[in-house]
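Q: Take a look at this one; I'll ask things after.
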Amino acid sequence: MNQPKPYSNFKATLAIAKASFRSILRSPSAVVFTLLFPLIFILVFGFIGGNAISVDVGVAKNSDTDNPIFASLKKTSVVNLIQDQSTADMNTNLLKGHIDAILDIEKHQTAPYYTVNVQYTKASLEKGNILQSLLRTMFYKMDIAAKPSDAPPPVAELKETTVSGREYKTIDFILPGQLGFSLLSTGVFGTAFVFLSLRQTLVIKRFFATPVKKYSIVVGEAMARITFALIGATFIILIGHFAFGFTLINGFVTYLNMLVLSFIGVVIFMGFGFTVSGIAKNESSVPPIANLITLPQFLLSGTFFSISVFPTWLQPICKILPLTFLNDAMRRVAFEGANLTDVTHQLFYLLLWGIGIYAIAVKMFKWE
Amino acid sequence: MNASQFRGGLLGYITILSHFYSMAKQPIITVNNLVKNYGDFNAVKDISFEVYEGEIFGLLGPNGAGKTTTLEIIETLRDKTSGEIIVDGFNVDKDPDAIKKRIGVQLQAAGYYPNLNLTELIQLFSGLYGIEKSPMEMLEKVALTDKAKAKYKELSGGQKQRFSIATTLINDPRIIFLDEPTTGLDPQARRNLWDLIKEIRDSGTTVVITTHYMDEAEILCDRVAFVDGGRIIDINTPDNFIDQLVASGFERKKEVKLANLEDVFINLTGKEWREG
């Protein structure tokens, strides 16, 4: 009758983790939100990324703009002249291939009257080539026009250099965002639904009639959900890397760093899930409340497009959302090869969010 | 046989009988002056009773009488306002964990972990009790081995209740609590469940049951307590209750026939239990 072995909370926790993990794998919504949606978005945005050609050319601050070369470039529809970025921004963007070249035109009193300095980037050699051929054609025509019969001196000379940057592909922006979205929905929706339904169907009450401890239930559930989220993250990263050329700058180490960030992310988002499960009165009130948390972050946290496209009054709000910090850290780790120690700023704010949301979750969470 | 031999024999017989009697009357649950208030509402008002080891004890009463509240307090699932409860030698206030290990609980209308089949659910409960139990062995006890890979929600009403009872037996409990286990079942499934509950009692497990069906209580329970308005009105064996009522001059308005409509139903549709 009496069990000779002492009761093991660890075994009970594992039993719950195992049951929960099985249940998650068999739940269609979990698989759809964690894997299918992010992959579809990656696919869609991966294709949109390669639309109509436009060569983004940064114009250096002290460049002369009152000259026929500049005017002619301005008229060319393929060329998009950018004049509102700071020199530093322009240089980083050039390295990443966000802009394809930097143009600096010098004016002289004697021939050659213009020196056109062009910096290309290895991150975007193709578009650089387009610009190059455009410029050369332009120069040729100008020389002919100026001195149809005589030999040079030419009107303008072209000085070209190329910086070596790494191509920042659409997938490099989209994938970390989608990974964050996947973690957010797994954490918030999954946790909220499970605890609400376990509470409502009296599964938790039945558990309480056994010697199991409350923390075993929470930890067991969390273990299952985190495992599932990390497997989902692995799928997204692997498919992104091998099928869409997602840059894993330091290979396996970068992957591991991304997993650590995913872990931190899903733990924080589960805090929102616990809170929602406490606030929601029934299953149908989970989606509206959970969407209130996920949708703004989905749109404003730089999941699909950079926060810089939002109006300035909105940007401060965007910048303090937990998903923004996570996406930011992910992108730095994945593309720039940053270590976790390089993203302590983001991790610190994530920690603050974690403390805050769990303080609320403890207050709001209901067992019965 | 002389007189002294006879006396000796009789004494010995009485000794054995009284020993047997006291064994059977050993209280395994003792409830003293139990009170439960929800704010201003007094759900349970000073209830005291004992459940004897090895019996089927029925708590009978209308909805809202306080049956479920009383059960859940004994099951350590709910706090009480005052009173003392001892379950198999353990006090609910001091040793709730020891009690949890010794009891099996079937809740009214409780569900099970979603998306798992019966085998996996038994494995889960084994883990929660910290013991190793073969799922097939447990399912065999309630004749559900053919449903081992089925999900709980795919079972019929009677199968669900039998599975619930299987989960209460996983930890080899001393006492099981069944809260309205036959509500909503057809007559065949009900009879099938009665047989199962009697088997459990006969194997030495004490059963505490609530029900709204008096025919069920009459057939199943060794003793019943009538509960109403948070109080126990009376406790006795079903037989004694009926005899007392008859002795008081009570008569049924309708002439008593030798069979009732349920007997007709069983006679026409057979005793075999349906899986529907």
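Read top to bottom, the protein sequences are chains A and B.
For the first sequence, this note's numbering begins at 46 and goes up steadily by one.
For the second sequence, this note's numbering begins at 15 and goes up steadily by one.
Positions of the beta carbon are idealized from the N, C-alpha and C atoms, including for glycine.
#1: By the criterion of Cβ-Cβ separation under 8 Å, what are the contact partners of Thr255 of chain A in chain B?
#2: If we ignore side chains and look at the alpha-carbon of each, how far apart do Val101 of chain B and Phe238 of chain A end up?
#3: What is the residue span of the alpha helix (DSSP H) that Thr90 of chain B lies within?
#4: I want to see whether chain B comes within less than 7 Å of Val248 of chain A, judged by CB atoms only; does it?
#5: If we count the other Cβ atoms within 10 Å of its Cβ and call it buried at 16 or more, is Pro367 of chain A buried or exposed?
#6: List the residues of chain B whose Cβ lies closer than 9 Å to the Cβ of Leu59 of chain A, in chain order.
#7: Between Ile402 of chain A and chain B, is the shortest Cβ-Cβ distance under 7 Å, so that the two count as touching?
#8: Residues of chain D with CB closer than 7 Å to the CB of Phe252 of chain A, please, in chain order.
#9: Any beta carbon from chain A within less than 7 Å of Pro195 of chain B's own beta carbon?
#10: For the alpha helix (DSSP H) holding Ser394 of chain A, just list the boundary residues, first then last.
#11: With DSSP run on the structure shown, which of helix, strand or coil describes Pro41 of chain B?
#12: Could you list which residues in chain A have their beta carbon closer than 8 Å to that of Val119 of chain B, in chain order?
#13: Tell me whether Pro149 of chain B is buried or exposed, calling it buried when 16 or more other Cβ atoms sit within 10 Å of its Cβ.
#14: For Lys271 of chain B, is the classification buried or exposed, using 16 other Cβ atoms within 10 angstroms of its Cβ as the cut-off for buried?
#15: Just reading off the beta strand (DSSP E) that Ala239 of chain B is part of, what are its end residues?
#16: Between A:Tyr165, A:Tyr159, A:Leu241, A:Leu340, which has its C-alpha nearest Glu205 of chain A's C-alpha?
#17: Under 9 Å, CB to CB, which of the residues in the segment 56-83 of chain A have a partner in chain B?
#18: Counting contacts by CB-CB distance shorter than 7 Å, is Leu130 of chain B in contact with chain A?
#19: If I'm right that Met303 of chain A touches Ala278 of chain A with Cβ under 8 Å, what's the distance once you round it to whole angstroms?
#20: Could you work out which residues of chain B lie near Ser322 of chain A, taking near to mean beta carbons separated by less than 7 Å?
#21: List the DSSP bridge partners of Asn131 of chain B.
#22: Say whether chain B places a C-beta atom closer than 7 Å to the C-beta of Ala97 of chain A.
#23: DSSP state of Gln130 of chain A, grouped into three classes?
#24: Pick from B:Ile247, B:Lys268, B:Leu259, B:Ile280: whose alpha carbon is nearest that of Lys59 of chain B?
#25: Have a look at Ile303 of chain B and Ser74 of chain A and give me their C-alpha separation to the nearest angstrom.
#26: For a contact defined as C-beta to C-beta under 8 Å, what are the partners of Glu89 of chain B on chain A?
#27: Under three-state DSSP, which class holds Glu276 of chain B?
#28: Please report whether the beta-carbon of Gly125 of chain B lies at a distance below 7 Å from any beta-carbon of chain A.
#29: Report the neighbours of Glu168 of chain B on chain A: residues whose CB is nearer than 9 Å to its CB, in chain order.
#30: Distance, Cα to Cα, Ser227 of chain A vs Thr95 of chain B?
A: Working from what's here:
#1: Lys114, Phe139, Leu142, Tyr143, Asn185
#2: 36 Å
#3: Neither: Thr90 of chain B is in no alpha helix (DSSP H) and is coded neither H nor E.
#4: yes
#5: Around the beta-carbon of Pro367 of chain A, 16 or more other beta-carbon atoms lie within 10 Å, marking it buried.
#6: Gly141
#7: no
#8: The question asks about chain D, but that chain is absent: this structure's protein chains are A and B.
#9: No, its Cβ sits nowhere closer than 7 Å to a Cβ of chain A.
#10: One detail in the question is off: residue 394 of chain A reads as Tyr in this sequence, not Ser. Element bounds for Tyr394 of chain A: 389-409.
#11: In the structure shown, Pro41 of chain B sits in a strand (DSSP, three-state: E or B).
#12: Arg251, Ala254
#13: By the 10 Å Cβ count, Pro149 of chain B comes out buried.
#14: Residue burial annotation: Lys271 of chain B is exposed, with fewer than 16 other C-beta atoms found within 10 angstroms of its C-beta.
#15: 237-242
#16: A:Tyr165
#17: Lys56, Ala57, Thr58, Leu59, Ala60, Ile61, Lys63, Ala64, Ser65, Arg67, Ser68, Ile69, Leu70, Arg71, Ser72
#18: Among the CB atoms of chain A, one or more fall inside 7 Å of the CB of Leu130 of chain B.
#19: 7 Å
#20: By Cβ distance, chain B contributes nothing, its closest Cβ being about 14 Å from Ser322 of chain A, past 7 Å.
#21: B:Lys165
#22: Only weak support exists for where Ala97 of chain A lies, its pLDDT of 48 falling under 50; the coordinates are left without a value.
#23: It is coil, neither helix nor strand.
#24: B:Ile247
#25: Outside the shown range of chain B, which is 15 to 290, sits residue 303 of chain B, and nothing can be said about it.
#26: Ala254
#27: helix
#28: Yes, Gly125 of chain B lies at the interface with chain A (some Cβ there is under 7 Å from its Cβ).
#29: Against chain A, the beta carbon of Glu168 of chain B has no neighbour under 9 Å; the closest one sits roughly 13 Å away.
#30: Distance from the CA atom of Ser227 of chain A to the CA atom of Thr95 of chain B, rounded to whole angstroms, is 47 Å.
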